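Taking UniProt numbering, the leading residue of the sequence shown gets 1, the next gets one more, and so forth.
For every residue, glycine included, the Cβ atom is placed at its ideal position computed from N, Cα and C.
All of these numbers come straight from a predicted model, not from anything done at the bench.
First the structure, in the form of C-alpha cells, and then the observations on it.
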Amino acid sequence: MNARLRSQAAMVAVSACIVVLTAFYYLFPEQRLIFVAIGATGVIGIVLGIHLNHPAHRLPWLLLAAGNFAFAAGQAAQITLLQFYEQNPFPSIADGFYLTAYPLYAAGLLSFVRWRTSGRDRASFVDALTLTVGLALLSWLFLIDPFAHAEDLTWVQKAFAIAYPLGDILVLAMLVRLLVGRGGKSRSLMLLTVGTLGLLTADVAYGLIQLNGTWRTGTAVDLGWAVLYGAWAAAALDPSMGSVTQPVAWRAEAHMGRLSLLTLASLIAPTILLIEAVRGVSVNAGVIGVFSAVLFVLVLYRLAGVAATHRQAVGREKVLRIAVSSLGGTGDLRGVAAAVHSAVTELMPHGPPSSALLTMPDNTLWVNGAHGGMREPVSERVTAAVRELTASGENRLVALDDVGPDLAACLTGPDEEPSRTGHALVCPLTLQDSPSGDPLIGVLLVAGDEQDLFVLRDTLATLAAQTALAVARVALAQEVNQRNSEMYFRTLVQNASDVILILDDDDRVRYASPSAGQVLGVPDLEGAHLIDLVPPQNSRAVIEALGRMRSGENQSRREVWRMVRADRATIEVEVRWSDLREEATVGGVVLTLRDVTEQRKLERELTHQAFHDSLTGLANRVLFQERVNHALTQAQREGTVVGVLFVDVDDFKVVNDIHGHGVGDELLVALSLRLQTTVRASDTAARIGGDEFALLVEGSVASAGVERFTEHVMTVFAEPFRLSVGPVSTYASVGVATTEDSIDAVELLTHADLALYAAKTAGKRQWRRYHPDLQRGMAERAKLQEGLDSSSIETSFMVLYQPIVELTSGRIAGFEALVRWPHSTRGMVLPEQFITLAEESGQIVPLGAWVLDQAAGEAVRWEDSVLRGGTADCNAPYVSVNVSPRQFRDEDFYDVIRRALEISGIEPSSLVLELTESVLLYNDERVLAEMSSLTDLGIRIAIDDFGTGYSSLSYLREFPISILKIDKSFVDGLGRSSEQYALVEGITHLADTLGLTVIAEGVENVRQQELLISMGCPFGQGYLFAEPVSAEEAEQLVLAPPLGRLAGLPVTPGDGTR
C-alpha cells in the first residue's frame, strides 16, 4: 500500500471514529468524556497526517494540533471540576486552556499564509482586513459589548468573557487572509476552512446562549466543535495537505464572489445604523461610526489600488505597442533580443531585470539583449534544460535554481539582490507552421521578483508571442540568404585545415577534403582503404574502433590514431566521427581528422616535466619519493640497506649575486651532470629544490657502503665547474640517512634533511649522517618555536594583501592574503621562517583560521566600499587565502570555513583557498571529499606554486580545482629561455583546455607581462604591480582606476618574497 492509499485509509478511519463518537455523545450527552475523546481523536488525526504525508513545513499543522489539544484539555478540565468538585467556576483553569487555543490557532493559520504567499499582496491584505472589520463589528455589538455591560459579572469575568470573541476575531482574520487573493483551493484547505467555520459558529452560538439563557450540553452547538476536530483531522490526513504550505499563484483579478463579500462587509455598519434609526434607538452610534470610518478608509485605499492597477495596464499596453513596432523593424536576432530586453526593462517595476532570449535558429543565448550583456552559443545541456522547461508548451514561473546552473548564472548579476532574481518566468516561443517541423523556435526567460512576474505573466506571454513571429521572420530571411550562396559550405570545407573523410561500408574513402593532401601527403584519397593509411601495429585497433562506431557501442566520438603520410612519416591525428549512413545526402561514416602531432608531443613533454626537473632533467621530488618507496619495499624483501643523501650547494646565492641567475642555472646543470655520472644505473639523482639535490642509493649491504658513496660524492666538488664565465668552484653540504635508523620513507627523508641541517650548521663543506642527537641540537629552531608558542595570534601577527591583476587591463581581480610576524627582536619574520614550525606544532590551524577570518572580513569591507564609492570599472575583488597541508587535514577545517563565511557574510564565490601540491599527494578519498564539499559551498580552489612540488597532470583532472598558479621560478625565465616559454605556454593552454584559470606569480617586469599576455595567461601578481600592502591600502587600490593603480604602486622587490 503506497503512502497516498495509507493516508486516505487513515482519513476514513479517523473520520469514522469521530462520527461514531459524536453519535454516542448525542445519545448520552451526560457522558462529556466522550467529547474529550473526540478532541483527542482530532489531535491524533493531525499528528498522524503529518507523519504519513510528510509536508514540507510541519509547523502550521503542529500549531493546529497544539491548539486542539489545548481546547480538548479545557473540556477535560471542565469535566474534572464538575465531577470531582461539583462546581464549574468562571473563570477557571479550563478557561485558561480554552483561551490558549486561540493564539495557537491564529499562529497556525498565519504560518499557512506565510508559506502560501510571498512578496507583496496589499490588495488581499486590505480585502481580508475589510471583511474582518465588518464581521468584528457584529461581534462587538452582539457579544463583546453585552459582556462588557453585564451587571452580574465581575471585571475579571468580563475580561475572560470578552477574550473569547476577541480570539474568534483573531482566528477569523487569519482565515480570511489565508483564503483571499490566492488560487489553489485544495481539498485539505477546504476542510481547514470548514473546521474553522465550525469553531467560529459554535463559539458565537455559545456566547449568545450564555447572554440569553443557560448553557446545557448535548445541543447542536457542540456539533460545531466536533466539526472543528473532524475537519482539521481530515485536512491533515488528506494527501493534498502538503499543497497547503506550498506557494500559490497570486491572482490579480477580483472575482464576483470576493467583490460581493467585500460589498456586504462594507454595508454592515450602515445597515445597523439604518436598523437603529428605524427602531428609534441609537445605543452604539459612536462605535458604529468608528467602524464605518475604518471601512471607508479601507475602501478608499482599495479603490486607489484599483486605479493604480489600471494605470499600470495602460502603461504595459503602450510598452507592448512600442515593442511590436521595434520587432517588426529589426532585421537580425540581435535586434530582436535588444527590443525584447528593452520591453522587459520597461515592464518590470523593480529593475533593472535580467532577461535571456534563446533563439533556436542560431542556437544562441542573448543575455540582456547582448547590449552590455552576453551573446554566447548554447551547450547541449542548456538546450536539454530548456526543452524540459517548455515541454508543456505553457508559460512557467519557476525558482531560478530550476532553470539549470548555466542559465541561472547568465540571469544572475553580481550586483543584483537575491530577492530580485529568485524566480524566472519561462515563456516558450512557438510557431505551429515552423519550416523545421519543431514548433519550439526559442524561449524567453525573465528573472525578477516573484510577484512582479505573476502580475506580468500575461503581458510577457503576449510579448513572447510577438517575439516568436519576429524570430521566425528573421530566421526565414537568413535561411533564404544562406541558400542563395550554394558555394558557402563547399568553400568552407575546401579551405578547412582539418581533413574530412566519408567512408563506405568497406572502409574505403569515398570523399576526402582538399586538406588531406597537406596533412597526409596524398592528393587523391578517393578509393583508398583507410587501413592502408594506418601503421600495421595500429590497424587492428582502428578496425575494432570502426566496428564499435558502426554498431553504436563507441560513445566517446573522439580518439587519437597514428597514421602514415606518403613520405612514411608517422603523425598523430585526433579523430571525430559521425554516423550519417542514414542521411540520404551523405550515406556514410564521416571522419574529421586533425593533426595533433605537435600537441601530443608537448603533452608528453609536460608529462615528463611533471616528474622531472625542467632545468637539469633530473627526477623531481614526486618521482624521487616514488623511487624511495619502491626501494624500501625491495630492501625489506632482499635484506639490503637503502640510503638517501640530501646535497645542498653551499653559498649558491653568492654565485647568483656575482654572476647572475643564468650562470647559476649553468652551475646547477653542470652539477647535475656530475651527479648523474657518479651514481650507478640502479640509483637515482633528483633535484628537489632550488639548489638542493637528493641521491637514492640502493642495494648496499651495510650503511658503511652508503658512507663510502657519500665520500665519493664530496669529491664531485673538488674540480671547478667550467661555465660560460670561466671556472667556478663551489662546495656542498650533504645529509645522509639510511634504513638502519629509519623505518619508512617519510622518516628516511626527514632524517636526511635533519642531517643536512646539521652539516650546514657545522660549517658547510662537509657531510653528516643522521643520529638521534641531531634533534637535540637545534637551539635556534627551539628558540623560534618558543617565541611562536608564546605569541598571541591576534596581537603578534598581521595580514598583508598583494593584488592579483588582470594582465591586459590592470583591473584588480583579487588579493592574496599573506601573513607576517613582526617580532620584537628579530624584526619582520617572513612566512618561510615560521610556517614550517607552525605546521609541525599544529599552531598553523588556529593561525590559518585567524588569517581566514581577517581576509574574509576585509573582502566584505572592500565590497561595501565598491558599492558605496567605486568607479564604473570597479568590481569587488575576491580574496585568496593560503591553506597549509596540516590545516587542510584538520578534521574541523570545513567547519572553520563555514564559520568564516557566516560571520563575515562574504559570498563563497569571493573566497579562494590556495593549496600546495603536497596536499594532493595523499590523493585519498578524504582529500577529494573535503575539496568537493568546499566547492559545493561555492568556494574556488587554487593550486599554488604549480610545477615546483608534487606536480601531476592527473591532479588537475581528478580534483575540483578552479585556478592554477604558475610558480615564480617559471616566470623568471620567460624572457631568457624559449624552452621555459614553451613550458609556461603549454601549462597555460593545458589549463585552458581543462577549464582552469591561470595566475602567474612573481611578475617583476613589463617584458614578462607582455609574454604572459601573448600566451593567453589572463592574470598575474608580483612586484611589477604592487608589493603586499595593508588592508586600508588595498581598499584604496580597489577604488582607484586601473591606470592610476599602476602609476602609484610601490615596487620594492627587496627580499624577493611574495
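{"Check": "Contact belief for glycine 1002 with lysine 968 at Cβ below 8 Å, rounded distance in angstroms", "Outcome": "3 Å"}
{"Check": "Burial state of glutamate 816, where buried means 16 or more other Cβ atoms lie within 10 Å", "Outcome": "buried"}
{"Check": "Neighbourhood of tyrosine 894 by C-beta, 8 Å cutoff - its chain only, sequence neighbours within 5 removed", "Outcome": "Glu930, Ser933, Leu934"}
{"Check": "Whole-Å CB distance - aspartate 945 paired with leucine 915, under 8 Å assumed", "Outcome": "Incorrect: roughly 10 Å between the Cβ atoms, too far for contact."}
{"Check": "Neighbourhood of leucine 453 by C-beta, 8 Å cutoff - its chain only, sequence neighbours within 5 removed", "Outcome": "Leu397, His423, Ala424, Leu425, Val446, Leu460"}
{"Check": "Inter-residue spacing [alpha-carbon to alpha-carbon] between proline 1018 and valine 180", "Outcome": "56 Å"}
{"Check": "Nearest candidate by alpha-carbon position, reference histidine 54, set Ala718, Pro428, Thr245, Lys764", "Outcome": "Thr245"}
{"Check": "8 Å Cβ cutoff met for alanine 106 and valine 204", "Outcome": "no"}
{"Check": "Exposed unless 16 or more other CB atoms sit within 10 angstroms - verdict on alanine 136", "Outcome": "buried"}
{"Check": "Coil, strand or helix - proline 349 by DSSP", "Outcome": "coil"}
{"Check": "Among Leu411, Leu990, Pro831, Ser551, the one whose alpha carbon lies nearest that of leucine 847", "Outcome": "Pro831"}
{"Check": "CB-CB length for aspartate 972 against alanine 900, believed under 8 Å", "Outcome": "Between alanine 900 and aspartate 972 the Cβ distance is about 34 Å, and since that is not below 8 Å, they are no contact."}
{"Check": "Residues sharing a beta bridge with methionine 931, DSSP", "Outcome": "Bridge partners of methionine 931: none, in fact."}
{"Check": "Simplified DSSP assignment, three categories, for aspartate 789", "Outcome": "helix"}
{"Check": "Lysine 760 and aspartate 648 closer than 8 Å at C-beta", "Outcome": "yes"}
{"Check": "8 Å contact criterion, which alanine 323 and alanine 343 should meet: CB distance rounded", "Outcome": "4 Å"}
{"Check": "Residues bridged to arginine 594 (per DSSP)", "Outcome": "Glu574"}
{"Check": "Extent of the continuous alpha helix (DSSP H) to which arginine 565 belongs", "Outcome": "From DSSP, arginine 565 is part of no alpha helix (DSSP H); its letter is neither H nor E."}
{"Check": "Length of the line joining the Cα atoms of alanine 370 and arginine 334", "Outcome": "Model confidence at alanine 370 stands at a pLDDT of 48, short of 50, so the residue's coordinates are unreliable and nothing is read from them."}
{"Check": "Validate contact between the region 35-48 and the region 63-77 using beta carbons, cut 8 Å, 3 pairs", "Outcome": "yes"}
{"Check": "N-terminal and C-terminal residue of the beta strand (DSSP E) that proline 165 is part of", "Outcome": "No beta strand (DSSP E) contains proline 165, which is instead part of the alpha helix (DSSP H) from 155-179."}
{"Check": "Residue of Asp773, Arg600, Pro1041, Ser977 minimising C-alpha distance to serine 809", "Outcome": "Pro1041"}
{"Check": "Secondary structure of valine 998, DSSP reduced to three states", "Outcome": "strand"}
{"Check": "Simplified DSSP state of tyrosine 25, which is helix, strand or coil", "Outcome": "helix"}
{"Check": "Boundaries (first-last residue) of the alpha helix (DSSP H) holding cysteine 410", "Outcome": "405-411"}
{"Check": "Residue nearest to leucine 48 in terms of C-alpha spacing, selected from His57, Arg32, Ala65, Ala56", "Outcome": "Ala65"}
{"Check": "Buried or exposed (CB count within 10 angstroms, at least 16 for buried), glutamine 636", "Outcome": "exposed"}
{"Check": "Whole-angstrom distance between aspartate 691 and valine 725, CA atom to CA atom", "Outcome": "19 Å"}
{"Check": "Nearest-angstrom beta carbon gap, aspartate 567 and glycine 521 [assumed within contact, 8 Å]", "Outcome": "6 Å"}
{"Check": "Three-way DSSP call (helix, strand, coil) for serine 733 in this model", "Outcome": "strand"}
{"Check": "Neighbourhood of alanine 758 by C-beta, 6 Å cutoff - its chain only, sequence neighbours within 5 removed", "Outcome": "Arg768, Leu774"}
{"Check": "Reduced DSSP secondary structure (H/G/I, E/B, other) of serine 969", "Outcome": "helix"}
{"Check": "Where aspartate 532 sits in the DSSP three-state scheme", "Outcome": "helix"}
{"Check": "Span separating the alpha-carbon of valine 879 from that of glutamate 902", "Outcome": "16 Å"}
{"Check": "Cα-Cα separation between arginine 674 and glycine 617, rounded to whole angstroms", "Outcome": "13 Å"}
{"Check": "Exposure of valine 1038, with buried meaning 16 or more beta-carbon neighbours within 10 Å", "Outcome": "buried"}
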